[in-house]
Structure formats: structure tokens, C-alpha cells
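A.B. asks:
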Amino acid sequence: SRKIVMKKQFNGTPTLEDFEILEEPLNVIQDGEILTQAEWHSVDPYMRMVSVGLKDGEIMPGRQIARVLQSKTTAVPEGSLVMGNFGWRDLTVYKPEADVNYDNFYVLQEMKGLPESFALGAVGRIGNTAFFGLTELCSPKEGDTLVVSAAAGAVGSVVGQIGKIKGCKVIGFAGSDEKLNWMKNDLGFDHVFNYKTINIDEALKLAAPQGVDCYFDNVGGEFTYHVMNNMNLYGRIALCGAISSYNSDKSKPYTIPVNYHNWIYKQIKIEAFVVTRWKSRWLEGITQLRDWVLEGKLQIKETVVVGFENMPSAFISLFKGDNIGKIIVKSSP
Ligand code: NDP
3 SRKIVMKKQF
13 NGTPTLEDFE
23 ILEEPLNVIQ
33 DGEILTQAEW
43 HSVDPYMRMV
53 SVGLKDGEIM
63 PGRQIARVLQ
73 SKTTAVPEGS
83 LVMGNFGWRD
93 LTVYKPEADV
103 NYDNFYVLQE
113 MKGLPESFAL
123 GAVGRIGNTA
133 FFGLTELCSP
143 KEGDTLVVSA
153 AAGAVGSVVG
163 QIGKIKGCKV
173 IGFAGSDEKL
183 NWMKNDLGFD
193 HVFNYKTINI
203 DEALKLAAPQ
213 GVDCYFDNVG
223 GEFTYHVMNN
233 MNLYGRIALC
243 GAISSYNSDK
253 SKPYTIPVNY
263 HNWIYKQIKI
273 EAFVVTRWKS
283 RWLEGITQLR
293 DWVLEGKLQI
303 KETVVVGFEN
313 MPSAFISLFK
323 GDNIGKIIVK
333 SSP
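For full-length UniProt numbering, add 2 to where a residue sits in the sequence shown, where the first one is 1.
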């Protein structure tokens with residue numbers, strides 16, 4: 003079996019030289035265990051944060067959709083597809099726990115004809131991040147103005163579309179014209195801006211003259227400072243991610259401008275979250291998301307990279323904004 007390790011601790015944005023692909027012997031499968039082969043791998047921004055705790059030479063963490071080649075447990079039939087938090091490896095021997103932990107392992111639910119790779123994106127953890135983060139923390143109501151950052155990415159593109167389903171005016175920020183066109187023409191966003199080329203305050207004044215009620219934040223940093231300054235009374239902010247700082251030097255304090263006066267005066271609710279908070283409602287989320295996709299209410303785009311050996315470049319591309327929608331890697335034998 004093959005695995006990909008972090009050869010040495012990343013310094014800033016990861017480079018191809020920081021990774022190494024290695025062969026490793028596979029354990030013989032025991033009672034209660036399964037042997038799986040990866041079909042789709044996920045690469046995600048969080049891996050950059052988790053990498054800080056890895057030792058040189060350790061396997062990169064990551065989830066995958068895998069086919070069960072052999073099974074010695076009745077709980078997981080041979081031939082079935084599973085979502086596993088197995089790391090960057092192609093073959094895995096794994097012992098499923100008695101209680102399902104949706105963060106680590108589950109047998110895929112019925113996809114009703116949708117591509118199985120969606121279970122790594124909109125019909126999986128990514129979709130639940132958008133669904134629960136937005137609906138539970140931002141409480142979007144009909145007529146609310148919702149701002150989304152990294153809005154053409156995996157999470158952001160789903161957030162914006164759920165915002166439309168809930169009757170919000172949706173304003174999305176992303177980093178290329180191709181992304182803006184997709185958001186505006188296919189996803190139904192009301193206003194789209196390229197945060198790299200515009201003045202964020204002016205864009206918000208233009209698109210949200212009455213102010214912002216909900217902000218779903220994927221990027222953090224200075225961008226977020228500007229959105230926070232444009233929040234309405236009792237505005238709700240869901241802090242989902244801060245990708246703009248993931249490659250920054252962790253030994254230095256991370257400073258962003260803060261306007262406390264505005265937060266207090268506007269009585270803004272700011273809440274950070276990790277999607278596993280809703281693990282007891284996991285299936286409720288992904289069933290709803292799957293049905294919205296089937297009903298045509300959620301458009302899904304994937305950026306597909308072919309070849310296990312290309313996982314490092316796929317991962318690095320997240321920080322350059324090369325992906326539209328969810329980036330996934332198709333495993334190759
Ligand atoms: P995306 O598909 O959105 O990919 C990342 C995108 O971020 C890029 O395409 C790029 O788009 C944008 N980006 C990269 N660098 C910067 C930067 N310096 N400033 C602004 N934008 C940047 O990834 P995901 O949808 O998987 O993740 C989005 C966010 O959600 C991440 O912060 C992630 O950590 C977080 N997350 C949090 C979870 C939770 O439980 N809290 C669960 C899952 C994800 P562009 O071209 O627009 O710059």
C-alpha cells in the first residue's frame with residue numbers, strides 16, 4: 003500500500019518538496035476488520051492547521067471514500083462504500099467502532115444516483131458545515147442580507163445557495179472572474195465581487211446599503227474586519243474558517259484589526275464552530291443536502307485531480323484558489 007507523509011514541517015505555504023510518497027506493508031486483516039481501497043480522496047484547508055501537530059515523516063491526515071475489498075465484520079458488507087478518516091493512503095485495514103462516529107467512519111447512505119464523491123463534499127462533512135453553520139448560528143430569515151467569503155469554494159458555494167433557499171439576499175466574495183460568473187449565473191447569488199480587485203467597504207455599501215445581517219466567514223483576517231464594520235444591529239456571524247492565516251507564522255501573534263466599539267454598539271453575535279458539534283444530527287443534514295441536490299436546488303461543482311500521487315499539488319492549490327467548488331482527488335491504482 004502507498005501513503006503520503008509530511009517529510010518536514012511546512013514553512014509557510016506547503017511545497018511539493020515537503021511531501022513524500024512511501025510504500026508500506028499492509029497488516030493481515032483480522033476478525034472485526036475490513037480492507038478498503040480508496041476511490042476518492044479529500045484535500046481540505048484544515049489539514050494545514052492539523053499539520054502543525056504532526057512530526058516529520060508522519061502521514062497526512064484526510065478523509066476518503068473507499069470500497070470495501072474484504073470484510074470480517076457483518077456491520078460492513080464487502081463491496082460497500084465507506085467514508086473513512088484513514089489519512090493519505092490508498093489501502094487501509096480498519097476496525098470499525100461499535101458506535102458510528104460520523105467524523106471518522108461510516109457506510110455511505112443511499113446516494114440515489116448522485117456521484118459517490120459528493121459524500122466528501124456537499125453531501126458530507128462540507129455540506130453539513132454549510133448547513134448547520136449557517137442555519138444554526140446565523141439564523142437566516144427571509145429578506146436578510148447574507149455575506150459569504152471564499153464563496154465559490156466547497157463550503158461557501160453551498161452556504162450561498164442555502165441562503166437563497168432561505169430567502170436571503172446573498173453577497174459572495176471570491177478570487178477570480180470565473181468564480182464570480184459561476185456564482186452569479188448558476189448559483190443565483192445576488193451580488194458577487196472579486197475581493198482581490200475591489201474595495202470591500204465600497205462593495206458592501208453598494209450591495210448592502212441597509213447593512214449585513216448574517217456573515218458566514220471562511221477566510222478571517224482583514225477581509226472579515228471590513229464585513230464586521232458593516233453588520234446590522236443584532237447581526238450574526240458564523241466563524242467557520244480563517245484560511246487567510248493558515249500559512250502564517252504560528253510563533254507570532256496573529257493580529258487583525260478589531261472594531262470593538264462597533265461589535266458592542268451593534269450587539270453582534272460572533273460564534274466559532276466545528277461541524278462535529280452536530281454529529282448527532284449528521285444524517286439529518288446530509289439527507290436534506292442530498293435531496294436539495296436531487297431537486298436541483300443545490301448546484302454542485304467539483305474540481306477533480308486525477309492520481310493519488312497528485313494529492314500534494316491538489317492540497318497546495320487550495321491556497322492559490324485554483325479550485326472551484328470542492329476539490330477532490332481520484333485515486334489511481
Ligand atoms: P475551499 O473550497 O473554499 O477552498 C479554499 C478557498 O479559499 C480557495 O479556493 C480560495 O478561493 C480561498 N482562499 C485561499 N487563500 C485565501 C486567502 N489568503 N484569502 C482569502 N481567500 C483565500 O475550501 P473549503 O470549502 O473546504 O473550506 C473553506 C473554509 O471552511 C476553510 O477556512 C476551512 O478551514 C473551513 N472549514 C471549517 C469547518 C468547520 O467545521 N469549522 C469544516 C470545513 C471547512 P479564492 O479564489 O476565493 O481566493
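Idealized CB from N, CA, C, for every residue including glycine.
It should be emphasised that the depicted structure is a prediction, and the values quoted were computed from it without experimental measurement.
1) Determine which residues share a DSSP beta bridge with Gly86 and list them.
2) Taking the alpha carbon of Phe21 as the reference point, which residue from Ser253, Val221, Ile128, Lys10 has its own alpha carbon closest?
3) Please report the Cβ distance between Leu71 and Leu37, rounded to the nearest whole angstrom; I am assuming they are in contact, meaning their Cβ atoms lie under 8 Å.
4) Taking C-beta to C-beta, are Gly129 and Gly135 nearer than 8 Å?
5) Quick one: Cα of Tyr267 to Cα of Val102, how far?
6) Could you say if the segment 133 to 149 and the segment 196 to 203 meet the contact criterion of at least three C-beta pairs nearer than 8 Å?
7) Quick one: residues in its chain with C-beta nearer than 6 Å to the C-beta of Leu93, no 5 flanking neighbours on either side, listed in chain order?
8) Whose CA, out of Met185, Ile330, Thr289, lies closest to the CA of Gln163?
9) Quick one: what does DSSP say Gly129 is sitting in, helix, strand or coil?
10) Quick check on this structure: which residue in Val7, Leu300, Ile318 has the alpha carbon closest to the alpha carbon of Val307?
11) According to DSSP, simplified to helix, strand and coil, what is Lys186?
12) List, from N- to C-terminal side, the beta strand (DSSP E) runs of 3 residues or more that fit wholly inside the segment 238 to 306.
13) Suppose you measure from the CA of Val214 to the CA of Gly237; what does that come to, to the nearest Å?
14) Let me check understanding here. Comparing Cα to Cα, which of Val109, Phe310, Lys322 lies closest to Ser44?
15) What residue from Asp251, Ile270, Glu26 has the CA that sits closest to Tyr217's CA?
16) Grouping DSSP H, G and I as helix and E and B as strand, with all else coil, what is Phe321?
17) Using three-state DSSP, classify Met113 as helix, strand or coil.
18) Alpha carbon to alpha carbon, how far is Gly145 from Gly169? Give it in angstroms, no decimals.
19) Could you tell me if the beta carbon of Ala244 falls within a distance shorter than 7 Å of some heavy atom in ligand 1?
20) Below 8 Å on the Cβ atoms is my contact criterion, and I expect Met230 with Asn261 to pass it. Report the Cβ-Cβ distance as a whole number of Å.
21) Can you give the Cα-Cα distance for Phe107 and Met62, rounded to whole angstroms?
22) Looking at C-alpha atoms only, which residue of Glu297, His263, Thr147, Arg127 is the closest neighbour of Arg279?
23) Mind checking which residues open and close the alpha helix (DSSP H) that includes Leu28?
C.D. replies: According to the structure shown:
1) Position 84 of the sequence shown, counted from the start, is the residue given in the question as residue 86. The partner list for Gly86 (beta bridge, DSSP) reads Gln66, Phe107.
2) Within the sequence shown, the letter at position 19 stands for residue 21. Closest option to Phe21, Cα to Cα, is Lys10.
3) Against the sequence shown, residue 71 aligns to sequence position 69. Against the sequence shown, residue 37 aligns to sequence position 35. That belief holds up - the Cβ atoms of Leu71 and Leu37 are roughly 5 Å apart, short of 8 Å.
4) The residue given as residue 129 occupies position 127 in the sequence shown. The residue given as residue 135 occupies position 133 in the sequence shown. No.
5) In the sequence shown, residue 267 corresponds to position 265, counting from 1. In the sequence shown, residue 102 corresponds to position 100, counting from 1. Using only the alpha carbons, I get a separation of about 44 Å.
6) Not touching, per the Cβ criterion.
7) Within the sequence shown, numbered from 1, the residue matching residue 93 stands at position 91. Answer for Leu93: Ser3, Leu28, Gln39, listed in chain order.
8) For the purposes of this step, residue 163 is taken as residue 161 along the sequence shown, with counting starting at 1. Among Met185, Ile330, Thr289, the Cα nearest to that of Gln163 is on Met185.
9) Numbered from its first residue, the sequence shown carries residue 129 at position 127. In the structure shown, Gly129 falls within a helical segment according to DSSP collapsed to helix, strand and coil.
10) Here the question's residue 307 lines up with position 305 in the sequence shown. Looking at the Cα atoms, Ile318 is the closest of the given residues.
11) As a working note, residue 186 is residue 184 in the sequence shown. Three-state DSSP puts Lys186 in a helix.
12) Listed in chain order, they are 271 to 274.
13) Here residue 214 is taken as the residue at index 212 of the sequence shown, counted from 1. Here residue 237 is taken as the residue at index 235 of the sequence shown, counted from 1. Val214 and Gly237 have their C-alpha atoms roughly 7 Å apart.
14) Counting from 1 along the sequence shown, the entry for residue 44 is found at position 42. Phe310 is the residue among Val109, Phe310, Lys322 whose C-alpha sits nearest the C-alpha of Ser44.
15) Working through the sequence shown from its first residue, we reach residue 217 at position 215. Checked all of Asp251, Ile270, Glu26; the closest Cα to Tyr217 is Ile270.
16) Numbered from its first residue, the sequence shown carries residue 321 at position 319. Phe321 falls in the coil class under three-state DSSP.
17) Here residue 113 refers to the residue found at position 111 of the sequence shown. Three-state DSSP puts Met113 in coil, outside helix and strand.
18) As a first step, residue 169 must be located in the sequence shown, where it is residue number 167. As a first step, residue 145 must be located in the sequence shown, where it is residue number 143. C-alpha separation (whole angstroms): 6 Å.
19) Residue mapping note: residue 244 aligns to position 242 of the sequence shown, counting from 1. Answer for Ala244: yes, Cβ within range of ligand 1.
20) Along the sequence shown, one-based indexing puts residue 230 at 228. Along the sequence shown, one-based indexing puts residue 261 at 259. Between Asn261 and Met230 the Cβ distance is about 6 Å, and since that is below 8 Å, they are a contact.
21) For this step, residue 107 is matched to residue 105 along the sequence shown. For this step, residue 62 is matched to residue 60 along the sequence shown. About 17 Å.
22) The residue labelled residue 279 in the question sits at position 277 within the sequence shown. The candidate whose alpha carbon is nearest that of Arg279 is Arg127.
23) Within the sequence shown, numbered from 1, the residue matching residue 28 stands at position 26. Looking at the DSSP string, Leu28 is not in any alpha helix (DSSP H), and its letter there is neither H nor E.
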